[in-house]
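S.K.: This is the structure I have questions about; it appears just below.
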Amino acid sequence: MFCSQFEDKRKKKEGDIKRITIMSASSPDSKLLLSKVVSGSGGDGVALTTSDVVELLASHHTLAKKLTCTHIAHSCKSNGDLALLTANLLLRDASDANPSVRSASVCALAALPGIEDSAVPALLAALSDHAPLVRRAGVVGCHELYTHAPDQVVVGGGLVDALYEAVRDPDPIVVTNALLALDALLEDEGGVVINRNIAHHLLARIMNFSEHSAVFVLTVLARYFPKSEDELYLLLNTLDELLSSKAPAVLVSTVRLFVRWTAEHPHLKKDMMEMIRPSVCKILAQNVAETSYLLLEFLSELGEIRQVFGPYYKYFLVRSKDPGYIKAQKLMLLPSVSTEDNVCSLVNEVRPFCSDYQSFHDAVVCLGAMAKQSPPARNLCLATLVSLLDTPAEKVVIAVLESLLCVLPQVPSQSQQSSHLQVASSHPPQVAGSHPTQVVGSHLQVGGVSQVAGTQTQVVSLLHKSTPPSEAEIDNKNISSTENEFPPLPPQLVQDLQEVLTRALWREGVQAAAPTLVLQVVGCLAPLLPAAPDIIQRMSSLCSTNDHTHAEFITAAVRVFFARPTQMQLLLASILAQAFNTPGVPAKRAALVYSILQEEPNDASQLLGASVVPLSLSSETQQTKIVSEEE
1 MFCSQFEDKR KKKEGDIKRI TIMSASSPDS KLLLSKVVSG SGGDGVALTT SDVVELLASH
61 HTLAKKLTCT HIAHSCKSNG DLALLTANLL LRDASDANPS VRSASVCALA ALPGIEDSAV
121 PALLAALSDH APLVRRAGVV GCHELYTHAP DQVVVGGGLV DALYEAVRDP DPIVVTNALL
181 ALDALLEDEG GVVINRNIAH HLLARIMNFS EHSAVFVLTV LARYFPKSED ELYLLLNTLD
241 ELLSSKAPAV LVSTVRLFVR WTAEHPHLKK DMMEMIRPSV CKILAQNVAE TSYLLLEFLS
301 ELGEIRQVFG PYYKYFLVRS KDPGYIKAQK LMLLPSVSTE DNVCSLVNEV RPFCSDYQSF
361 HDAVVCLGAM AKQSPPARNL CLATLVSLLD TPAEKVVIAV LESLLCVLPQ VPSQSQQSSH
421 LQVASSHPPQ VAGSHPTQVV GSHLQVGGVS QVAGTQTQVV SLLHKSTPPS EAEIDNKNIS
481 STENEFPPLP PQLVQDLQEV LTRALWREGV QAAAPTLVLQ VVGCLAPLLP AAPDIIQRMS
541 SLCSTNDHTH AEFITAAVRV FFARPTQMQL LLASILAQAF NTPGVPAKRA ALVYSILQEE
601 PNDASQLLGA SVVPLSLSSE TQQTKIVSEE E
């Protein structure tokens, strides 16, 4: 929308200039010819002969010459005679006393095919002209000439050297255009080369550039790396003023350059963030959606910003009037600015957005991330998430289940579990009385499986041997770091979580919409869910329709078995026996699980991502109750 509005304004302004040019023509014939030029350049198909162009080009009307040169540059590729008939006139005008005429003629000469030998001297003269307007046209002409005659520019002619000289031009626009032209001309060689002298020269004059030009110059400077620490600190000192810039694009480009140059000096990063903090807060306080999004996205890439921006968290709070993409970006960044002092306030600010249809998922994820800051924040986030599990909207419940896997003490992540399974799959232990190829073959037959697993009774016997040890025998390494860092959950919160989580997992809509997620939650949080075996049994028919879901169902059943072996022993034996008779992915997963179960209980639980330790509660009575249930 903004681009179309800008384009409409530009076309209107050009139309006004052309109308003024036509009205200022000295004769009716000139007015008619200029009308044809304007209409022809506008694409209306008005015929304009070569003689008409020559006549206009030979006039002494400055604006008429400029319009005619523009017409020649656009039409010369489709009209070969036009280049031959206008070349001499353009070469003459390239040395005209009027800088506007010289600049227009140089641009037209660079676009004419077949006269490259004559255009190169004109471009070299333009690059050394005393008028900045002509030098700008000369730089643009070099790029235009390169598009249809690259050999004349790159191989011969000396234009590349002249463009490198133009980098030191006193006019900032000429410098920017020269860098852009060199980047295009030397694309095959990696673009413009920035050496020490050019880098210091550009940084010394960086404040003279416009916002857009400064952004490009800073981007190009990233190709240069200081050769010594003295040079590094000298260059960094020149960036101090830019680090206080009120222009978001310049500020972001400066910080990126600073981070690149100080990659080996991470201690300077905090000082840099202290310098940009006032500018960042001022820009965010303006509530301009586009610039706010740019800064928020960039801050999320900086890594640890909590120590600097944590006390100023109010600038990052989500507003109800913010666009959806701003809400999502702020909710993603809020955990990075949360501290033990402000996390409870942030949780209260985020809570209303958990019921917002547009940003509920980002809000729930934000709560899960902030819950890791402190025990009060964890309890407050859990209480909020528990209240959301009874929401009628299944999408909200699914988002909460995903977040609970991050908040509650749990096993390694899903990616780590998959890597464990892949390692075990590549080197499965040999089962006594069978062949490994029969266990993990691509097409397991019923007869082959019977040699491995035998009957369901043999599976039950193996599961009896794989019963996890008591809590006292478990190594402290298996206890999650979250349990060691945070105190136990309050008893009432644990009770509410058990009840509400069980109701949410029993909902048919949730099971049908996200069966894999439900299985993962049941498997990971089985010590907290007395009804986990019943949920597994209920989902058996739902998971049998898809091979991959069936495989995840087998893994979840084994995880629940490690948490509640007495309740799951016969059920898991039935699940494995049925899976062995299902060719494809389920049979492979069952064979893999069967092989892993022959390992030591601790090793098997680690490979399967199972939790063999009940969740820590604040009451010894509750701990005894859970342990007694498992025994």
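All letters in the sequence shown, in the order written, are residues 1 to 631 by UniProt numbering. For every residue, glycine included, the Cβ atom is placed at its ideal position computed from N, Cα and C.
Measure the CB-CB distance between residue 538 and residue 390 and report whether it falls below 8 Å.
M.R.: Within the sequence shown, numbered from 1, the residue matching residue 538 stands at position 538. Within the sequence shown, numbered from 1, the residue matching residue 390 stands at position 390. No; because the gap between Cβ atoms is not below 8 Å, this pair is not in contact.
S.K.: Using only CA atoms, which one of 175, 343 and 193 lies nearest to residue 222?
M.R.: Start at 1 with the first residue of the sequence shown, and residue 222 comes out as number 222. Residue 193 is the option with its Cα nearest to residue 222.
S.K.: Give the DSSP-derived three-state secondary structure of residue 180 in the structure shown.
M.R.: For the purposes of this step, residue 180 is taken as the residue at position 180 of the sequence shown. If DSSP states are grouped into helix, strand and coil, residue 180 belongs with the helices.
S.K.: From residue 316 to residue 505, what distance separates their C-alpha atoms?
M.R.: Position 316 of the sequence shown, counted from the first residue, corresponds to residue 316. Position 505 of the sequence shown, counted from the first residue, corresponds to residue 505. Cα to Cα, the separation comes out at about 34 Å.
S.K.: Along the chain, where does the alpha helix (DSSP H) that runs through residue 220 open and close?
M.R.: Locating residue 220 in the sequence shown gives position 220, where the first residue counts as 1. Its alpha helix (DSSP H) spans residues 211-221.
S.K.: Kindly indicate which residue of 320, 284, 378 and 135 has the alpha-carbon position closest to the one of residue 358.
M.R.: Walking along the sequence shown from the start, residue 358 turns up at place 358. Answer by Cα proximity: 320.
S.K.: With burial defined as no fewer than 16 other Cβ atoms inside 10 Å of the residue's Cβ, what is the status of residue 195: buried or exposed?
M.R.: Walking along the sequence shown from the start, residue 195 turns up at place 195. So residue 195 counts as exposed.
S.K.: Buried or exposed: which applies to residue 559, given that a residue is buried once 16 or more other Cβ atoms fall within 10 Å of its Cβ?
M.R.: Along the sequence shown, read from residue 1 onward, the residue named residue 559 stands at position 559. Classification of residue 559: buried, given that the 10 Å Cβ count is 16 or more.
S.K.: Indicate whether the contact test is met: 3 or more Cβ pairs, each with one atom in the segment 508-522 and one in the segment 489-498, closer than 8 Å.
M.R.: no
S.K.: Can you grab the Cα-Cα spacing for the pair residue 179 / residue 163, in whole Å?
M.R.: Counted from its first residue, the sequence shown places residue 179 at position 179. Counted from its first residue, the sequence shown places residue 163 at position 163. A straight line joining the alpha-carbon of residue 179 with that of residue 163 spans about 8 Å.
S.K.: Quick check on DSSP: helix, strand or coil for residue 287?
M.R.: Taking the first residue of the sequence shown as position 1, residue 287 is located at position 287. Looking at residue 287 - three-state DSSP - the assignment turns out to be coil, as it is neither helix nor strand.
S.K.: For residue 103, which residues from the same chain have a beta carbon less than 6 Å from its beta carbon, with the 5 sequence-adjacent residues on both sides left out?
M.R.: Your numbering for residue 103 matches position 103 in the sequence shown. Contacts found: 133, 134 and 137.
S.K.: Assuming contact is defined by CB atoms lying nearer than 8 Å, are residue 400 and residue 349 in contact in what I supplied?
M.R.: Here the question's residue 400 lines up with position 400 in the sequence shown. Here the question's residue 349 lines up with position 349 in the sequence shown. Not closer than 8 Å, so no.
S.K.: Cα-Cα, which of 299, 59, 284 and 587 is closest to residue 246?
M.R.: Sequence index remark: in the sequence shown, residue 246 carries index 246 (1-based). Of the candidates 299, 59, 284 and 587, the one whose C-alpha sits nearest the C-alpha of residue 246 is 284.
S.K.: Using only the alpha-carbon positions, how far apart do residue 257 and residue 218 sit?
M.R.: Along the sequence shown, read from residue 1 onward, the residue named residue 257 stands at position 257. Along the sequence shown, read from residue 1 onward, the residue named residue 218 stands at position 218. Annotation: residue 257 to residue 218 spans about 7 Å, alpha carbon to alpha carbon.
S.K.: Under 8 Å Cβ to Cβ from residue 201, same chain only, skipping five residues before and after it: list those, please.
M.R.: Counted from its first residue, the sequence shown places residue 201 at position 201. The residues are 167 and 168.
S.K.: Nearest-angstrom Cα distance between residue 388 and residue 234?
M.R.: Taking the sequence shown and counting its residues from 1, one reaches residue 388 at position 388. Taking the sequence shown and counting its residues from 1, one reaches residue 234 at position 234. Each residue's alpha carbon lies about 55 Å from the other.
S.K.: Check residue 362 in the structure and name its three-state DSSP category.
M.R.: Numbered from 1 along the sequence shown, position 362 holds the residue referred to as residue 362. Note: residue 362 maps to helix in three-state DSSP.
S.K.: Give the straight-line distance between the Cα atoms of residue 323 and residue 313, rounded to the nearest whole angstrom.
M.R.: In the sequence shown, residue 323 corresponds to position 323, counting from 1. In the sequence shown, residue 313 corresponds to position 313, counting from 1. So the two alpha carbons sit approximately 19 Å from each other.
S.K.: Which of the three DSSP states, helix, strand or coil, is assigned to residue 88?
M.R.: One-based indexing of the sequence shown puts residue 88 at position 88. Here residue 88 sits in helix by DSSP.
S.K.: Could you tell me if residue 25 is buried or exposed, where buried requires 16 or more neighbouring beta carbons within 10 angstroms of its beta carbon?
M.R.: For this step, residue 25 is matched to residue 25 along the sequence shown. Summary for residue 25: the model assigns pLDDT 44, below 50, so the residue's position carries little reliability; its value from the coordinates is reported in the next sentence. Classification of residue 25: buried, given that the 10 Å Cβ count is 16 or more.
S.K.: From this set, 579, 311 and 224, which residue's C-alpha is nearest residue 199's C-alpha?
M.R.: As a working mapping, residue 199 is identified with position 199 in the sequence shown. When only C-alpha atoms are compared, the closest one is 224.
S.K.: Considering only C-alpha positions, which residue in the set 53, 92 and 60 is nearest to residue 75?
M.R.: Translated into positions along the sequence shown, residue 75 becomes position 75. Comparing Cα positions, the closest option is 53.
S.K.: Does the ligand MG have a heavy atom nearer than 7 Å to the CB of residue 568?
M.R.: For the ligand MG, the structure offers nothing, since it holds no ligand at all.
S.K.: Given that a residue counts as buried once 16 or more other Cβ atoms are within 10 Å of its Cβ, and exposed if not, what is residue 288?
M.R.: Position 288 of the sequence shown, counting from 1, holds the residue named residue 288. Classification for residue 288: exposed.
S.K.: When the distance is taken between beta carbons, is residue 159 closer than 8 Å to residue 123?
M.R.: Taking the first residue of the sequence shown as 1, we reach residue 123 at position 123. Taking the first residue of the sequence shown as 1, we reach residue 159 at position 159. The answer is yes: Cβ separation under 8 Å.
S.K.: Would you kindly work out how many angstroms separate the C-alpha atoms of residue 343 and residue 404, rounded to a whole number?
M.R.: For the purposes of this step, residue 343 is taken as residue 343 along the sequence shown, with counting starting at 1. For the purposes of this step, residue 404 is taken as residue 404 along the sequence shown, with counting starting at 1. The alpha-carbon atoms of residue 343 and residue 404 are separated by roughly 18 Å.
S.K.: Give the single residue among 100, 120 and 333 whose Cα lies nearest to the Cα of residue 293.
M.R.: Numbered from 1 along the sequence shown, position 293 holds the residue referred to as residue 293. It is 333 whose Cα lies nearest to the Cα of residue 293.
S.K.: Between which two residues does the alpha helix (DSSP H) carrying residue 344 extend?
M.R.: Walking along the sequence shown from the start, residue 344 turns up at place 344. Where residue 344 is concerned, the enclosing alpha helix (DSSP H) stretches over 343-350.
S.K.: Could you pull out every unbroken alpha helix (DSSP H) segment of at least 4 residues lying fully inside the segment 500-529, listed in chain order?
M.R.: 508-513 and 515-524
S.K.: Where do the N-terminal and C-terminal ends of the alpha helix (DSSP H) with residue 141 fall, by residue?
M.R.: As a working mapping, residue 141 is identified with position 141 in the sequence shown. Start and end: 132-148.
S.K.: In three-state DSSP terms, what is residue 265?
M.R.: Here residue 265 refers to the residue found at position 265 of the sequence shown. Correct three-state label for residue 265: coil.
S.K.: Is DSSP giving residue 276 helix, strand or coil here?
M.R.: Taking the first residue of the sequence shown as position 1, residue 276 is located at position 276. Helix, per DSSP.
S.K.: Span of the alpha helix (DSSP H) holding residue 110?
M.R.: For the purposes of this step, residue 110 is taken as residue 110 along the sequence shown, with counting starting at 1. Note, residue 110: alpha helix (DSSP H), 99-111.
S.K.: Assuming the contact rule is C-beta atoms closer than 8 Å, residue 94 and residue 141 should be a hit. Round their C-beta distance to whole Å, please.
M.R.: Along the sequence shown, read from residue 1 onward, the residue named residue 94 stands at position 94. Along the sequence shown, read from residue 1 onward, the residue named residue 141 stands at position 141. About 10 Å separates the beta carbon of residue 94 from that of residue 141, a gap too long to meet the 8 Å contact definition.
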